[in-house]
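Each residue of the sequence shown is one higher than the one before, counting from 28 in the working numbering.
Think of the CB as a built atom: it goes at the ideal place given N, C-alpha and C, for glycine as much as any other residue.
Input: a single structure, listed below in structure tokens.
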Amino acid sequence: MEQLNVQTLVIGAGPGGYVAAIRLGQLGQKVLVVEKEKNLGGVCLNWGCIPSKSLIQMAKSYENTIVKNKKMGIIAHKVEIDWEQTQKWKDKTVRSLTGGIAQLLKGNGVSHLEGIAKLTSPHQAQVTNSKGEIFEVNFEHAILATGSSPIEIPGFSFDHKNILDSTDLLELKSIPKSMILIGGGVIGLELGTVYAKLGTKVKVIEMMDQLLPGTSKDVAKVVEDKFRKYQSDVFLSARAKSWKEAGDQVELVFEHEGNNKRVVADFICLAVGRKPNSQGWGAENIGLAIDERGFVMVNDCLQTNHPHIYAIGDVVGQPMLAHKASKEGEMAAENICGAHYSTEDIQTVPGVIFTDPEVAIAGITEDEALAEGLSIKVGKFPYAASGRAKSTNETEGFVKIIADTEEVVRGVEIVGSHASDLISEAALAIEMSALLDDIALTTHPHPTLGELMMEAAKVAKGEPVHILPPKE
Ligand code: NAI
28 MEQLNVQTLV IGAGPGGYVA AIRLGQLGQK VLVVEKEKNL GGVCLNWGCI PSKSLIQMAK
88 SYENTIVKNK KMGIIAHKVE IDWEQTQKWK DKTVRSLTGG IAQLLKGNGV SHLEGIAKLT
148 SPHQAQVTNS KGEIFEVNFE HAILATGSSP IEIPGFSFDH KNILDSTDLL ELKSIPKSMI
208 LIGGGVIGLE LGTVYAKLGT KVKVIEMMDQ LLPGTSKDVA KVVEDKFRKY QSDVFLSARA
268 KSWKEAGDQV ELVFEHEGNN KRVVADFICL AVGRKPNSQG WGAENIGLAI DERGFVMVND
328 CLQTNHPHIY AIGDVVGQPM LAHKASKEGE MAAENICGAH YSTEDIQTVP GVIFTDPEVA
388 IAGITEDEAL AEGLSIKVGK FPYAASGRAK STNETEGFVK IIADTEEVVR GVEIVGSHAS
448 DLISEAALAI EMSALLDDIA LTTHPHPTLG ELMMEAAKVA KGEPVHILPP KE
């Protein structure tokens, strides 16, 4: 068995692990990253953020070509989808990024092993590669960045034929005629929208009384209204009960409004949340503290109950977001090298949902603030009143700013075009405890969607310029 001695072992090369490893390499550490998959980048790059955004962009371009561009006088006489080419393009995008990570690791002096790592003692791990070769790794510190996997519900196990997961949905051989989506959350709606735009009849079964639970109701409603326009069915407060094969389709029985109802489609996609990957890498061998939901327990410096072993990303808790994992990866790396960064210093981890229109949130939402009984000032400015939004023909949605009574910006919710790009100004404002005036008095260039933030801040102050004040 080959012996390897490193200062820090990183298990998992997703956006948490590979970023931590790069930072450790920059800080002069001898680092080894172990990843069980051939390609680096984890779920985000291989089966999540990047391939889904590629398909989302493709579906948007298609919709523009056949529907939206007509309004601007562009008539396309024959539009076809070459799905094989779409898949090739998506895969090439993914490959170029995962290949880039290998180069970044190498360039920062980080070693990489493909294989499965198992902790055998608090300072040792065994790595077994696909050829059956075993390496014993001795380490001073470790970072666990093992990510998360999709959840199943009783009676619905992924068989990748009738019951698909989100990875299957990214790799379909053809555009389906119909599909049932159990779960109207982030994954379900992002990918459901792709296929709905390409002509698939999508039927959403959502347990809660709104889509995208966790977002304010008025935000979710904008997305729901648009989604229903794609000839899709949305069943809220609905619970999936059982399914069976029906010829070459599947039939789902679900409970809705006190009745058992049935829907039939080509397949079911289950997108009801993700669970931490806290098994299979030897947590039990070192008595690692794991909570009742399976998350590895860490303190605010991201240390586990073995202080020299850190854990980051999806495996330590919500929100399960790539940028949160990367931020924690940098913090853990710095802390291993003597810094004292604390997760409590982070004011906000913004979230973005790439539906149509996009949703982006930083800080507290209006619904959360009201539920907590906080006194707040709220300013809402519609895209329909923006010159830029009008001229790009994307007028659905609004920007909403939530401030406390001292006018400190506490939260921003955006539903609308380019919400994903606009939210960074909000995150900076919240991190800096900006006042409404800081945003309202900053000159925002015209005509841009950036002006929506400025206008919403003015509305919150009771000084709207481009809309009339709400009637008393
Ligand atoms: P989710 O928590 O966003 O949505 C799951 C949905 O399923 C919820 O609406 C829930 O009410 C519903 N549900 C649960 N059990 C159900 C049942 N038995 N019947 C019907 N509905 C049921 O989880 P999702 O979409 O699987 O995403 C997992 C994670 O991945 C999320 O934490 C998300 O943050 C992350 N993600 C982030 C993305 C982004 O940042 N753009 C993209 C994709 C995923």
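Under the three-state DSSP convention, the category Asp431 falls into:
strand
Does Gln374 come out as helix, strand or coil in the three-state DSSP assignment?
coil
Tell me whether Pro78 sits in a helix, a strand or coil according to DSSP, three-state version.
helix
Is the number of C-beta pairs between the segment 75–85 and the segment 43–61 that are closer than 8 angstroms three or more?
no
Check each candidate in Lys98, Thr375, Gly340 and Ile93 and name the one with the smallest Cα separation from Glu107.
Ile93
Classify His104 as helix, strand or coil using the three-state DSSP reduction.
coil
Indicate, with yes or no, if the ligand NAI has a heavy atom lying under 7 angstroms from the CB of Ala267.
yes
Return the CA-CA distance between Asn385 and Leu31, expressed in angstroms with no decimal places.
According to the sequence as given, residue 385 is Glu; it is not Asn. Computed Cα separation, rounded: 46 angstroms.
Contact check, Met206 vs Val229 under 8 angstroms by CB: the rounded distance?
6 angstroms
Check: Phe381 C-beta below 7 angstroms from any heavy atom of the ligand NAI
yes
Which of the three DSSP states is assigned to Trp270 in this structure?
strand
So what's Ile214 in DSSP terms, helix, strand or just coil?
helix
How far does the alpha helix (DSSP H) with Glu478 in it reach, from first residue to last?
Glu478 to Ala487
With a threshold of 7 angstroms, establish whether the CB of Met358 neighbours any heavy atom of the ligand NAI.
no
Which residues in the same chain as Leu463 place their Cβ atom closer than 6 angstroms to its Cβ, once the five residues preceding and following it in sequence are excluded?
Ala430, Glu434, Ala484, Ala487 and Lys488
By DSSP's criteria, Asn420 is part of a beta bridge. Which residues make up the other side?
Looking at the DSSP assignment, Asn420 forms no beta bridge with any residue, so it has no partner.
Among the residues of its own chain, which have a CB less than 7 angstroms from the CB of Ser413, if the five just before and after it don't count?
Leu476, Glu478 and Leu479
Exposure label - Gly211; buried when at least 16 CB within 10 Å:
buried
Just confirm the distance between the C-beta atoms of Phe281 and Phe262, as a whole number of angstroms; I'd bet it's less than 8 angstroms.
7 angstroms
Between Cys296, Gly75, Ala169 and Tyr89, which lies nearest to Glu233 when the distance is taken from Cα to Cα?
Cys296
Tyr45 versus Gly52 - alpha carbon distance:
10 angstroms
Cβ of Ile209 within 7 angstroms of any heavy atom in the ligand NAI?
yes
Whole-angstrom Cβ separation of Ser175 and Val299, contact assumed at under 8 angstroms?
With a Cβ gap of about 13 angstroms, Ser175 and Val299 do not count as contacting.
Just checking Pro203 against the ligand NAI - is the residue's beta carbon closer than 7 angstroms to any of the ligand's heavy atoms?
no
Note down the Cα distance separating Leu140 from Leu132, rounded to an integer number of angstroms.
12 angstroms
Over the uninterrupted beta strand (DSSP E) stretch that includes Phe322, give me the two end residues.
Phe322 -> no beta strand (DSSP E), and no H or E assigned at all.
Using a 10 Å radius around the Cβ and a threshold of 16 neighbouring Cβ atoms, would you call Glu311 buried or exposed?
exposed
For Ser201 and Trp110, believed in contact at Cβ under 8 angstroms, the rounded distance
6 angstroms
Grab me the residues of Ser305's own chain with a C-beta within less than 8 angstroms of its C-beta, minus the 5 sequence neighbours each way, in chain order.
Thr173, Ile317, Gly321, Phe322, Val323 and Val342
Buried or exposed: which applies to Met347, given that a residue is buried once 16 or more other Cβ atoms fall within 10 Å of its Cβ?
buried
Assuming Asn79 and Leu218 make a contact with CB atoms under 8 angstroms, what is their CB distance in whole Å?
According to the sequence provided, residue 79 is Ser. The question's Asn does not apply to it. Contact holds; Cβ gap of about 6 angstroms.
Quick one, are the C-beta atoms of Lys98 and Asn420 less than 8 angstroms apart?
yes
At 4 residues or longer, and completely inside the segment 133–218: list those alpha helix (DSSP H) runs for me, N to C.
193–197
Tell me which same chain residues have a C-beta within less than 6 angstroms of the C-beta of Pro377, skipping the five on either side of it?
Ala389, Ile450 and Ala454
Report all residues from its chain with a CB closer than 7 angstroms to the CB of Thr422; omit the five preceding and five following residues, and keep chain order.
Tyr410, Ala411 and Ala416
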